[in-house]
Ligand code: AMP
Ligand code: GLY
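Spelled out as structure tokens, the structure:
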């Protein structure tokens, strides 16, 4: 089979790494890919926003399945475009991807189908928003309804903070059209977990729960980032809680989307908070999480092509995913300054020494080549994933590997996995 992976981050590197282990694959392409992916796939210089260009390529090359990594092309309807052209594609349609691309839609759906989440209210103009927010208990979260690259959820401690956010989003339009609708959401308290399920529109199979570390600072302080590290399994999700999440959240959501004539095919990502009152959804995403993918895929033993085919041809009910019962930790090494301004172009050394087949894998998130040399080329530069018999050993092994890799201004959090250690 010929597969094409669309995207260029650490998540897509993990996809390509996992697919390259399948003996069903004869050719593997990545668009646009990365220097990391080039180890296993032929990188094609087409942007992940050039939807027709990607479809042209898939047709020309006779690609059997195209696998979409990021949310933006899904929200823009890449699956609909590929399907119209008779191409097989792994991911939800534009209508189903609204579960991430429109938070107002997602919350309305959850409330309609009794899927556990928080109270919410949606505003379409600043004046009504200010008036209504006076009735809301603070702190709360204000969220732009559209896509915002992980920056669209704003914590508002007081009514004054809410007013300021309403002004930024609805008057100054800091998020453009993504802020056309602003959603107030009740603050949910508890530990977070990411749950990924593979759905064919009727059934869903969920895999090992993971946990991300959103903020730049140790102890979970400072600005939000795309994610500074992850680990799996997340002990906060006990086996009982996992079953509950699968039944009352993941399965119910697949059923709800099917009822609404938006059958969901692809990866459904439940962003969960384990509250005193049980697990609740803070958001859904229409794709896998990054960096969580970098710890979840290495713990899946089943051929990734088998999983993708089951989703595409509607046989998830028969899908049995075999998991590795060890643990994985990923530490992100970022450019100093990220998530604010940072410099790029610094040579990266030591990846060869850090990698250990089967135990330590280095995924590229933002690297490039300059005169043949591997250099930094993004905020999050690499994800260093290690497998161990326990979370503790995977954490120690990941930091051991991080210590062997070097580039100017490298920054990583030193406390990835800290919650797992207090939860065990
Ligand atoms: P999001 O952009 O929706 O992924 O939200 C970013 C982060 O904001 C999440 O990872 C949570 O830490 C936090 N968050 C979002 N919504 C809520 C909520 N309703 N209650 C508590 N925390 C939230
Ligand atoms: N790691 C969070 C996300 O991918 O949205």
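Numbering (the working numbering), first residue to last: 4 to 427.
Ideal placement from N, C-alpha and C gives every residue a C-beta, glycine not left out.
From a predicted model like this one, the values you see are computed outputs, not experimental measurements.
The beta-carbon distance between residue 5 and residue 49, rounded to whole angstroms, is 15 angstroms. This is too long to meet the 8 angstroms contact definition. Residues lining ligand 2 by the Cβ criterion, that is a Cβ closer than 5 angstroms to any of its heavy atoms, are 215, 230, 292, 293 in chain order. Between residue 80 and residue 97, the CB-CB gap stays under 8 angstroms. The beta carbon of residue 300 lies closer than 6 angstroms to those of 17, 21 in the same chain, with the five residues before and after it left out. In the DSSP assignment, the residues bridged to residue 288 are 272. By the criterion of at least three beta-carbon pairs nearer than 8 angstroms, the stretch 259 to 272 is not in contact with the stretch 233 to 240. The Cβ neighbour count for residue 15, taken over all protein chains shown within 10 Å, is at least 16; the residue is labelled buried.
Using a 10 angstroms sphere on the CB of residue 367, the tally of other CB atoms reaches 16 or more, which defines it as buried. The DSSP-derived three-state label of residue 41 is helix.
Annotation: the stretch 17 to 69 contains the following complete segments of the beta strand (DSSP E) (minimum length 3 residues), in chain order: 30 to 35. In the three-state DSSP reduction, residue 227 falls in the strand class (E or B). A contact between stretches requires three or more CB pairs, one per stretch, nearer than 8 angstroms, and the stretch 353 to 362 fails this requirement with the stretch 313 to 323. When C-alpha distances from residue 125 are compared across 136, 117, 115, the shortest belongs to 136. Looking from the CA of residue 109, the closest CA among 76, 91, 422, 150 belongs to 150. Shown here for residue 64: not one same chain residue has a beta carbon closer than 6 angstroms to its own, the five before and five after excluded. Annotation: the continuous alpha helix (DSSP H) that includes residue 395 extends over 394 to 405. Spatial neighbours of residue 392 in its own chain (CB-CB distance under 6 angstroms, excluding positions within 5 residues in sequence) are listed in chain order as 329.
Scanning the stretch 305 to 334 from its first residue to its last, the whole alpha helix (DSSP H) runs of 4-plus residues come out as 307 to 316.
Looking from the CA of residue 53, the closest CA among 38, 82, 210 belongs to 82. Per DSSP, the unbroken beta strand (DSSP E) holding residue 202 starts and ends at 194 to 203.
By the Cβ rule, the stretch 212 to 227 does not count as touching the stretch 376 to 396, because fewer than three pairs are nearer than 8 angstroms.
Apart from the 5 residues on each side of it in sequence, residue 310 sits with its Cβ closer than 6 angstroms to the Cβ of 201 in its chain, given in chain order. Annotation: residue 296 to residue 13 spans about 8 angstroms, alpha carbon to alpha carbon.
Here residue 232 carries a strand assignment [DSSP, helix/strand/coil].
Taking one beta carbon from each stretch, the stretch 248 to 256 and the stretch 362 to 376 have fewer than 3 pairs nearer than 8 angstroms; the two do not touch. Taking the Cβ of residue 150 as the reference point, every heavy atom of ligand 1 lies at 7 angstroms or farther away. Secondary structure note for residue 207: its beta strand (DSSP E) is the uninterrupted segment 207 to 209. Runs of the beta strand (DSSP E) lying entirely within the stretch 355 to 384, each at least 3 residues long, are 363 to 367, 370 to 373, 376 to 379 in chain order.
With a cutoff of 7 angstroms, residue 146 counts as near ligand 1, since its C-beta is closer than that to a heavy atom of the ligand. Three or more beta-carbon pairs drawn from the stretch 201 to 211 and the stretch 263 to 270 are found closer than 8 angstroms, and the two stretches are therefore classed as touching. In the DSSP assignment, residue 9 falls within the beta strand (DSSP E) that extends over 5 to 10. Not one heavy atom of ligand 1 lies closer than 7 angstroms to the C-beta of residue 254.
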